[in-house]
Amino acid sequence: MDTKALYRLGYGLYIVGSHKDGKLNAQVANTVFQITSEPPTVAVSINKKNLTHEYIMASRVFSASVLIQKTPLPFIGNFGFKSGREVDKLKGISYKVGQTGSPVILDNASAYLEAEVIKDVDVGTHTVFIGRVVAAEVLNDEPGMTYEYYQQVKRGTTPKTAPSYIPKEEGGRK
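Per this note's numbering, the sequence shown runs over residues 533 to 706.
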């Protein structure tokens, strides 16, 4: 089986945030998608080991900022390869606290949305949070970064906690 076929699915790159007990956290995610337009409903898949997962489970809200193609790799790495348990990922980042109390990342974002969780689905290592959109705004006309662009043009890597992570098999095969 050629698991690289999974890279061809239409992903974007987003910063997903939430809050708990007055603390904010955010992480990079590639699995945010619209489910319905009436009412506006989206879903996000978050690894159960991630701090953002804990915050969404507690607060039942999340934000998702759509990253632009020009987003620098170190910015993505800050949200994807560091833990909010060890560093303040929002330090030095332009953001606002949104209507849901979640951090809305403004740096390198073309749009954002905020959602209230109406259902969560356990899918093994991850939870899919389904949320009713309660706020959204287009920030600029910059093209959004697709996951394919991130992989092929930016040469970005995938953390082991990402839903699209595919481990290398022995012998160098994928």
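The beta carbon of each residue, even a glycine, is placed where N, CA and C say it ideally should be.
The structure presented is a predicted model; accordingly, all values stated were derived computationally and were not measured.
**OP:** Grab me the residues of K580's own chain with a C-beta within less than 8 Å of its C-beta, minus the 5 sequence neighbours each way, in chain order.
**Re:** As a working mapping, residue 580 is identified with position 48 in the sequence shown. The residues are T657, H658 and T659.
**OP:** Tell me whether K621 sits in a helix, a strand or coil according to DSSP, three-state version.
**Re:** By 1-based counting over the sequence shown, the position of residue 621 is 89. Three-state result, K621: coil.
Original post:
First and last residue of the beta strand (DSSP E) that includes E648?
Top reply: Working through the sequence shown from its first residue, we reach residue 648 at position 116. Per DSSP, E648 belongs to the beta strand (DSSP E) from A641 to V655.
Subject >> Exposure of A537, with buried meaning 16 or more beta-carbon neighbours within 10 Å >> reply: Taking the sequence shown and counting its residues from 1, one reaches residue 537 at position 5. Exposed is the call here.
Original post:
Got a sec? Which residues, its chain only, sit under 6 Å from P571 by beta carbon, not counting five neighbours each side?
Top reply: Residue mapping note: residue 571 aligns to position 39 of the sequence shown, counting from 1. Excluding residues within five positions, the ones whose Cβ falls inside 6 Å are R664.
Subject >> Beta-carbon gap between L511 and L599 smaller than 8 Å >> reply: Shown here, the chain extends from 533 to 706; a query on residue 511 therefore has no answer.
Subject >> Cβ neighbour criterion (16 or more within 10 Å) applied to F611 >> reply: On the sequence shown, position 79 is the one that residue 611 refers to. When all chains shown are included, F611 counts as buried.
Original post:
In three-state terms, what does DSSP make of G612?
Top reply: As a working note, residue 612 is residue 80 in the sequence shown. Residue state, collapsed to three classes: helix.
Subject >> Residues of its chain near S642, where Cβ-Cβ distance is below 8 Å and the 5 sequence neighbours each way are ignored >> reply: On the sequence shown, residue 642 is found 110 positions in, with the first residue counted as 1. Correct list, in chain order: V598, L599, I600, V670, L671, N672, D673, E674, P675 and G676.
Subject >> Start and end residues, beta strand (DSSP E) containing I567 >> reply: Mapped onto the sequence shown, residue 567 falls at position 35. Looking at the DSSP string, the run of the beta strand (DSSP E) that includes I567 is V564 to S569.
Original post:
Between the beta-carbon of H551 and the beta-carbon of G633, is there less than 8 Å?
Top reply: Taking the sequence shown and counting its residues from 1, one reaches residue 551 at position 19. Taking the sequence shown and counting its residues from 1, one reaches residue 633 at position 101. Against a cut-off of 8 Å, the Cβ pair of G633 and H551 comes out as a contact.
Original post:
Going by the beta-carbon positions, is the gap between Y644 and A575 smaller than 8 Å?
Top reply: Residue numbering aside, residue 644 sits at position 112 when the sequence shown is read from its first letter. Residue numbering aside, residue 575 sits at position 43 when the sequence shown is read from its first letter. It is not a contact, given that the beta carbons lie outside the stated cut-off.
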